[in-house]
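Q: Top to bottom, those sequences are chains S and X. Each residue of the first sequence is one higher than the one before, counting from 1 in the working numbering. Each residue of the second sequence is one higher than the one before, counting from 1 in the working numbering. Please see the structure below; I have some questions.
2 protein chains.
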Amino acid sequence: MGSAPRIALDAMGGDVGPAVMVAGAARAHQRRGDLQFLLFGDEGAIRAELDRHPTLAGASRIVHCDDVIAPEEKPTQAIRRAKTSSMGRAVHAVKAGEADAAISGGNTGALMAMSKLALRTMKGIDRPALAALLPTLGDNDLVMLDLGANTECDTQNLVQFAVMGAAYSRVVLDLEKPRVRLLNIGTEELKGTDELKTAAAILRDADYLGMRFDGFTEGDKISRGDVDVIVTDGFSGNIALKTAEGTARFVTDLLKRAFTSSARSKIGFLISRPATELLKHHLDPNNHNGAVFLGLNAPVVKSHGNANEKGVANAIRVAARMVREDLTRKITEDLANIAAHGDAQAAAK
Amino acid sequence: MGSAPRIALDAMGGDVGPAVMVAGAARAHQRRGDLQFLLFGDEGAIRAELDRHPTLAGASRIVHCDDVIAPEEKPTQAIRRAKTSSMGRAVHAVKAGEADAAISGGNTGALMAMSKLALRTMKGIDRPALAALLPTLGDNDLVMLDLGANTECDTQNLVQFAVMGAAYSRVVLDLEKPRVRLLNIGTEELKGTDELKTAAAILRDADYLGMRFDGFTEGDKISRGDVDVIVTDGFSGNIALKTAEGTARFVTDLLKRAFTSSARSKIGFLISRPATELLKHHLDPNNHNGAVFLGLNAPVVKSHGNANEKGVANAIRVAARMVREDLTRKITEDLANIAAHGDAQAAAK
Numbered sequence: 001m002g003s004a005p006r007i008a009l010d011a012m013g014g015d016v017g018p019a020v021m022v023a024g025a026a027r028a029h030q031r032r033g034d035l036q037f038l039l040f041g042d043e044g045a046i047r048a049e050l051d052r053h054p055t056l057a058g059a060s061r062i063v064h065c066d067d068v069i070a071p072e073e074k075p076t077q078a079i080r081r082a083k084t085s086s087m088g089r090a091v092h093a094v095k096a097g098e099a100d101a102a103i104s105g106g107n108t109g110a111l112m113a114m115s116k117l118a119l120r121t122m123k124g125i126d127r128p129a130l131a132a133l134l135p136t137l138g139d140n141d142l143v144m145l146d147l148g149a150n151t152e153c154d155t156q157n158l159v160q161f162a163v164m165g166a167a168y169s170r171v172v173l174d175l176e177k178p179r180v181r182l183l184n185i186g187t188e189e190l191k192g193t194d195e196l197k198t199a200a201a202i203l204r205d206a207d208y209l210g211m212r213f214d215g216f217t218e219g220d221k222i223s224r225g226d227v228d229v230i231v232t233d234g235f236s237g238n239i240a241l242k243t244a245e246g247t248a249r250f251v252t253d254l255l256k257r258a259f260t261s262s263a264r265s266k267i268g269f270l271i272s273r274p275a276t277e278l279l280k281h282h283l284d285p286n287n288h289n290g291a292v293f294l295g296l297n298a299p300v301v302k303s304h305g306n307a308n309e310k311g312v313a314n315a316i317r318v319a320a321r322m323v324r325e326d327l328t329r330k331i332t333e334d335l336a337n338i339a340a341h342g343d344a345q346a347a348a349k
Numbered sequence: 001m002g003s004a005p006r007i008a009l010d011a012m013g014g015d016v017g018p019a020v021m022v023a024g025a026a027r028a029h030q031r032r033g034d035l036q037f038l039l040f041g042d043e044g045a046i047r048a049e050l051d052r053h054p055t056l057a058g059a060s061r062i063v064h065c066d067d068v069i070a071p072e073e074k075p076t077q078a079i080r081r082a083k084t085s086s087m088g089r090a091v092h093a094v095k096a097g098e099a100d101a102a103i104s105g106g107n108t109g110a111l112m113a114m115s116k117l118a119l120r121t122m123k124g125i126d127r128p129a130l131a132a133l134l135p136t137l138g139d140n141d142l143v144m145l146d147l148g149a150n151t152e153c154d155t156q157n158l159v160q161f162a163v164m165g166a167a168y169s170r171v172v173l174d175l176e177k178p179r180v181r182l183l184n185i186g187t188e189e190l191k192g193t194d195e196l197k198t199a200a201a202i203l204r205d206a207d208y209l210g211m212r213f214d215g216f217t218e219g220d221k222i223s224r225g226d227v228d229v230i231v232t233d234g235f236s237g238n239i240a241l242k243t244a245e246g247t248a249r250f251v252t253d254l255l256k257r258a259f260t261s262s263a264r265s266k267i268g269f270l271i272s273r274p275a276t277e278l279l280k281h282h283l284d285p286n287n288h289n290g291a292v293f294l295g296l297n298a299p300v301v302k303s304h305g306n307a308n309e310k311g312v313a314n315a316i317r318v319a320a321r322m323v324r325e326d327l328t329r330k331i332t333e334d335l336a337n338i339a340a341h342g343d344a345q346a347a348a349k
């Protein structure tokens with residue numbers, strides 16, 4: 001793949017639409033001038049935004065589409081408009097080889113369904129997974145997957161998620177040998193479902209993969225910073241991710257209440273504002289924006305629906321990085337390694 | 001059941017042992033002087049603590065046991081010492097009718113195994129569940145179950161958890177008609193596993209029970225305060241509970257870092273101390289201590305291993321309340337209502 005990523009951007013997705021999506025693209029383009037954009041959506045609206053970003057305009061082409069997938073549409077219905085909607089056409093541009101990665105801030109289920117249908121699941125992967133970066137107390141974010149693409153998962157799904165998550169963390173977090181753990185309800189070997197126990201046994205034995213498998217972890221240890229990739233089924237992953245988001249909001253809401261509870265604490269708040277701004281910055285989802293679908297034949301990134309310009313730029317950077325580092329090829333190699341290892345083991349018996 | 005609850009307390013359980021457990025009992029007894037205690041464990045150690053709490057000593061009897069279950073022991077091993085250990089004998093005192101409820105701060109798995117064996121599961125309940133109170137932004141805490149007793153749950157388990165959780169919240173939160181929801185990865189009817197969808201259909205139809213079933217909820221809405229009982233399988237419940245604990249600690253750790261990052265923010269912190277103390281108070285697990293096993297023929301409460309004196313007193317208060325309000329009978333009545341409703345429906349067909 002070339003070194004100048006071509007991004008297919010659904011300019012209509014997200015709560016705000018073209019204004020934020022185009023501004024985000026401009027911000028990403030400002031940092032990496034080699035990015036190329038295909039912008040899908042209402043030509044007039046996109047043109048108006050592009051006029052405010054002339055440098056980006058020079059690196060972009062608008063593809064007009066009337067049709068937009070609504071946030072509440074069912075994937076089974078949305079998919080019928082894969083060839084007309086801004087989301088569907090952005091994905092299709094990747095299939096057709098006109099772009100290297102697709103990004104949308106729209107309906108997650110619809111984006112997943114369209115991406116699977118158009119780009120197909122990689123050889124060696126049974127089911128694609130949704131992965132995202134989460135903040136930690138450590139030196140870097142962590143990768144967590146699956147976050148809701150697969151409600152129920154078997155052993156092979158979990159092992160494949162570990163391989164994909166490790167490859168992704170090597171690319172986006174710049175780690176040589178990420179520390180991988182399976183999310184469970186205890187850290188002892190006997191805990192959890194049979195699927196988890198068998199997946200742990202397979203991964204424990206997989207030293208030849210570019211990861212260090214450290215066994216199980218629990219919900220209260222997610223953000224401690226001693227693990228780089230957390231692997232789980234989509235049901236538990238979605239519950240954990242949303243519970244973490246909700247609790248962070250809960251604590252900051254309590255804090256706000258506390259700080260406004262008296263004149264004294266209001267003054268304290270004003271003085272310590274740089275401190276609370278630091279906290280806000282660390283917890284701002286826009287700094288960790290861009291959930292990725294792993295396991296497809298090309299990168300697709302889901303930007304958060306209410307991401308701001310910075311959040312969209314981050315999602316674009318994640319996509320560009322996956323293209324530059326050729327993540328899809330890296331996952332393929334790891335899967336081949338597992339298969340070869342299995343063959344070698346069988347031959348040795 | 002009488003109005004003066006007799007509490008069987010495993011004085012050796014928890015990270016500290018007799019010092020905290022006895023002090024907690026004294027604190028609970030100070031508030032409700034009618035409580036009676038059986039204290040199980042090392043007689044010398046308990047006696048030394050009781051000497052500091054003469055009023056409690058007058059309402060207590062020590063039952064000496066040499067044997068203590070260790071935190072890391074497997075339930076299958078611990079259970080062999082049900083008749084010798086302080087934990088096992090506390091549970092057994094309830095079975096023998098010498099006490100009305102048992103409390104331990106020790107090994108959760110062992111306590112569950114011993115309680116199930118000695119006290120048996122209630123008629124109409126397939127599997128007991130572990131329930132706890134969680135803080136919210138609303139007027140009251142919420143009840144969440146199952147928190148880890150059952151890794152996999154079927155539809156009937158979930159429906160029974162809803163009945164038990166609703167009865168428990170009526171008793172401990174003093175609610176007339178608690179708002180009940182099932183934890184899921186989306187709020188649309190189509191989301192989630194078949195077990196969840198079927199359980200929702202049964203509960204939606206169960207207006208005659210003392211609850212209001214409001215459908216599904218998601219991880220990010222747990223602490224908003226618009227639901228009183230959240231029902232889930234033990235795997236997801238454990239992940240959600242621990243993720244919430246971990247995230248709350250993560251945010252407060254970040255806050256501490258931020259507040260100590262400069263002289264200015266340190267001063268701000270000192271001034272706004274009453275505000276941050278308020279936050280600390282709200283998040284202190286000791287204010288919500290006492291996970292209960294629901295579905296057994298008598299109340300058993302698990303106090304958190306590192307609970308302080310206040311936490312233990314709270315666990316005792318929860319147990320006493322379950323005894324006074326005769327929770328076991330209330331759950332039995334609700335289950336009979338479901339059965340009668342089922343029969344009436346069948347007859348009407």
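From the three backbone atoms N, C-alpha and C, an ideal C-beta is built for every residue, glycine too.
1) Pull the bridge partners of Thr155 (chain S) from the DSSP assignment, please.
2) Does any residue of chain X bring its CB to less than 8 Å from the CB of Phe259 (chain S)?
3) If you follow the alpha helix (DSSP H) that Met322 (chain S) is part of, which residue opens it and which one closes it?
4) Look up Gly17 (chain S) in the DSSP assignment and say whether it is helix, strand or coil.
5) Going by C-alpha distance, which of S:His64, S:Ala200, S:Lys221 and S:Gly290 is nearest Ala244 (chain S)?
6) Identify whether Lys242 (chain S) lies in helix, strand or coil by the three-state DSSP scheme.
7) At 4 residues or longer, and completely inside the segment 181 to 246 of chain S: list those alpha helix (DSSP H) runs for me, N to C.
8) For the alpha helix (DSSP H) holding Leu291 (chain X), just list the boundary residues, first then last.
9) Taking 8 Å as the limit between beta carbons, can you name the residues of its chain near Ala336 (chain S), skipping five residues before and five after?
10) Could you have a look at Val300 (chain X) and say whether DSSP puts it in helix, strand or coil?
11) Could you give the distance in angstroms between the alpha-carbon of Ser261 (chain S) and the alpha-carbon of Asn287 (chain X)?
12) Skipping 5 residues on each side, what residues in its chain have a beta carbon closer than 8 Å to that of Glu218 (chain S)?
13) Is the CB of Lys310 (chain S) under 8 Å away from at least one CB in chain X?
14) Please report how far the alpha carbon of Thr328 (chain S) lies from the alpha carbon of Val300 (chain S), in whole angstroms.
15) On the DSSP letters alone, give me the boundaries of the beta strand (DSSP E) that Met144 (chain X) sits inside.
16) Does any residue of chain S have a CB that is nearer than 8 Å to the CB of Arg75 (chain X)?
17) For the segment 88 to 109 of chain X, which residues have a beta carbon sitting closer than 8 Å to at least one beta carbon of chain S?
18) Here's the rule I'm using: 16 or more other beta-carbon atoms within 10 Å means buried, otherwise exposed. How should Asp233 (chain S) be labelled?
19) Could you tell me whether any Cβ in chain S is nearer than 8 Å to the Cβ of Lys197 (chain X)?
20) Which term fits His281 (chain X), buried or exposed, when burial requires 16 or more other beta carbons within 10 angstroms of its beta carbon?
21) Which of the three DSSP states, helix, strand or coil, is assigned to Thr414 (chain X)?
22) Who are the Cβ neighbours of Ala339 (chain X) in its own chain at under 8 Å, not counting the five residues just before and after it?
23) What in chain X is Cβ-close to Ala244 (chain S), meaning under 7 Å?
24) As a quick exercise: from S:Leu294, S:Pro75, S:Thr155 and S:Thr108, pick the residue whose alpha carbon is nearest that of Glu195 (chain S).
25) What are the residues of the segment 178 to 196 of chain X that lie near chain S, defined by any Cβ-Cβ distance shorter than 9 Å?
26) Relative to chain S, which residues along the segment 262 to 278 of chain X have a C-beta separation below 7 Å, given in chain order?
27) Mind pulling the chain X residues with CB within less than 8 Å of Leu137 (chain S)?
28) Within 8 Å (strictly less), CB to CB, does Ile230 (chain S) reach chain X?
29) Can you tell me which of the three DSSP states His53 (chain X) falls into?
30) Classify Leu241 (chain X): buried if its beta carbon has 16 or more other beta carbons within 10 angstroms, exposed otherwise.
31) With a threshold of 8 Å, are at least 3 pairs of Cβ atoms found where one atom belongs to the segment 77 to 94 of chain X and the other to the segment 111 to 128 of chain X?
32) Would you mind telling me which residues of chain X sit closer than 7 Å to His355 (chain S), beta carbon to beta carbon, in chain order?
33) Going by DSSP in three states, Met1 (chain X) sits in which element: helix, strand or coil?
34) Which residue marks the beginning of the alpha helix (DSSP H) containing Arg89 (chain X), and which one marks its end?
35) Curious, which full-length beta strand (DSSP E) runs of at least 3 residues does the segment 108 to 141 of chain S contain?
36) Which residues of the segment 204 to 230 of chain X have a Cβ closer than 9 Å to any Cβ of chain S? Give them in chain order.
A: In short, the structure shows the following:
1) Partner(s): none; Thr155 (chain S) has no beta bridge.
2) yes
3) Glu309 to Arg324
4) coil
5) S:Lys221
6) helix
7) 194 to 204
8) Per the sequence shown, the amino acid found at residue 291 (chain X) is Ala instead of Leu. Careful: Ala291 (chain X) lies outside any alpha helix (DSSP H), inside the beta strand (DSSP E) at Ala291 to Leu294.
9) Gly124
10) strand
11) 21 Å
12) Leu183, Asn184, Ile185, Gly186 and Thr187
13) no
14) 11 Å
15) Leu142 to Leu145
16) Looking at the sequence itself, residue 75 (chain X) is Pro, so the reference to Arg does not match. Not one chain S Cβ lies under 8 Å of Pro75 (chain X).
17) none
18) buried
19) no
20) exposed
21) Because residue 414 (chain X) is not part of the residues shown, which for chain X are 1 to 349, the question remains open.
22) Gly124
23) Thr243 and Thr247
24) S:Thr155
25) Leu183, Asn184, Ile185, Gly186, Glu188, Leu190, Lys191, Gly192 and Thr193
26) Ser262, Arg264, Ser265, Ile267, Gly268, Phe269, Ile271, Ser272, Pro274, Ala275, Thr276 and Leu278
27) Phe250, Asp253 and Leu254
28) no
29) coil
30) buried
31) yes
32) Nothing about residue 355 (chain S) can be read from this structure; chain S reaches only from 1 to 349.
33) In this predicted model, Met1 (chain X) has a pLDDT of only 45, less than 50, meaning its place in the structure is not dependable; the value taken from the coordinates is given anyway. Looking at Met1 (chain X) - three-state DSSP - the assignment turns out to be coil, as it is neither helix nor strand.
34) Ser86 to Lys95
35) 129 to 134
36) Glu218, Gly219, Asp220, Lys221, Ile222, Ser223 and Arg224
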